[in-house]
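What follows is one structure encoded as structure tokens, with my remarks underneath.
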């Protein structure tokens, strides 16, 4: 019914869904640093803990806390760091 | 690395993790009504959309929205309704 996916040797696991706000994944990433590519505009929300983000073309990192969101443009790569298992929601727009 | 579980014929799927706030699952439930049992105190947070809850021994239902949480006692059964795929976080205390 729901499809799960694994990335980065299972360090990131997600479940696909059709949320109230559109197509989405809810998942968790283990402590580490990751680079993701976007096929659509993505709105990511931190579900618990913190995610620290480097937007494409930027040298600075920004930290987002529980229930905070950030938007990433379509067709880019961005970097995410976290220091513990961090659940997140990703909406595809 | 992360263990996924399915309940109710795959209508509820969750991923176990050790969050900043303790042992947790992040998951999604399809539209429907479910009865869950608790082995610990559980703090559930709506990640997107709404969950409508009937606490044990109560006849009324209460609706919680995105980023809102409710607590369920240990060793009880409670009912959850949702009208679309609804991602949630559950902390075990």
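Protein chains in written order, with the working numbering: chain A, 2 to 94; chain B, 2 to 94.
For glycine and all other residues, C-beta sits at the position ideal for the given N, C-alpha and C.
The structure displayed is predicted, hence computed values, not measured ones.
Quiz item: For the beta strand (DSSP E) that residue 37 (chain A) lies in, which residues bound it at each end?
Solution: According to the DSSP assignment, residue 37 (chain A) belongs to the beta strand (DSSP E) that extends over 33-38.
Quiz item: With a cut-off of 7 Å, does the C-beta of residue 32 (chain B) fall near any C-beta of chain A?
Solution: Taking 7 Å as the CB threshold, residue 32 (chain B) stays off the interface with chain A.
Quiz item: Of all the CB atoms in chain A, is at least one closer than 7 Å to the CB of residue 37 (chain B)?
Solution: So no, residue 37 (chain B) is outside the interface.
Quiz item: Any idea what DSSP makes of residue 20 (chain B), helix, strand or coil?
Solution: Look at residue 20 (chain B) here: in three-state DSSP terms it is strand.
Self-check item: Same chain, Cβ closer than 6 Å to residue 24 (chain A), five either side skipped, listed in chain order
Solution: Cβ neighbours of residue 24 (chain A) beyond the five flanking positions: 93.
Practice problem: Return the CA-CA distance between residue 72 (chain B) and residue 58 (chain A), expressed in angstroms with no decimal places. | Solution: For residue 72 (chain B) and residue 58 (chain A), the distance between alpha carbons rounds to 42 Å.
Quiz item: residue 53 (chain A) to residue 47 (chain A), Cα distance in whole Å?
Solution: Here the alpha carbon of residue 53 (chain A) sits roughly 10 Å from the alpha carbon of residue 47 (chain A).
Self-check item: Neighbouring residues, chain B, relative to residue 5 (chain A) (Cβ below 8 Å)
Solution: Those within 8 Å of residue 5 (chain A) in chain B are 5, 14, 16.
Self-check item: Proximity test, Cβ basis, 7 Å: residue 2 (chain B) and chain A
Solution: At a cut-off of 7 Å between beta-carbon atoms, residue 2 (chain B) makes contact with chain A.
Quiz item: Which residues, taken in chain order from the stretch 39-62 of chain B, show a beta carbon closer than 7 Å to some beta carbon of chain A?
Solution: Of all residues in the stretch 39-62 of chain B, only 48, 49, 50 come within less than 7 Å of chain A when Cβ atoms are compared, listed by chain position.
Quiz prompt | Exposure label - residue 11 (chain A); buried when at least 16 CB within 10 Å | solution = The residue is exposed, with fewer than 16 neighbouring Cβ atoms inside 10 Å.
Quiz item: Closest Cβ-Cβ distance between residue 91 (chain A) and chain B: below 7 Å?
Solution: Under the 7 Å criterion on CB atoms, residue 91 (chain A) is classed as non-interfacial with respect to chain B.
Quiz prompt | Euclidean distance between Cα positions of residue 61 (chain B) and residue 82 (chain A) | solution = Roughly 42 Å separates the two Cα atoms.
Quiz item: Name the residues in the stretch 68-92 of chain A whose C-beta lies less than 7 Å from a C-beta of chain B; which are they?
Solution: Taken in chain order, the members of the stretch 68-92 of chain A whose beta-carbon sits within less than 7 Å of a beta-carbon on chain B are 68, 85, 86, 88, 90.
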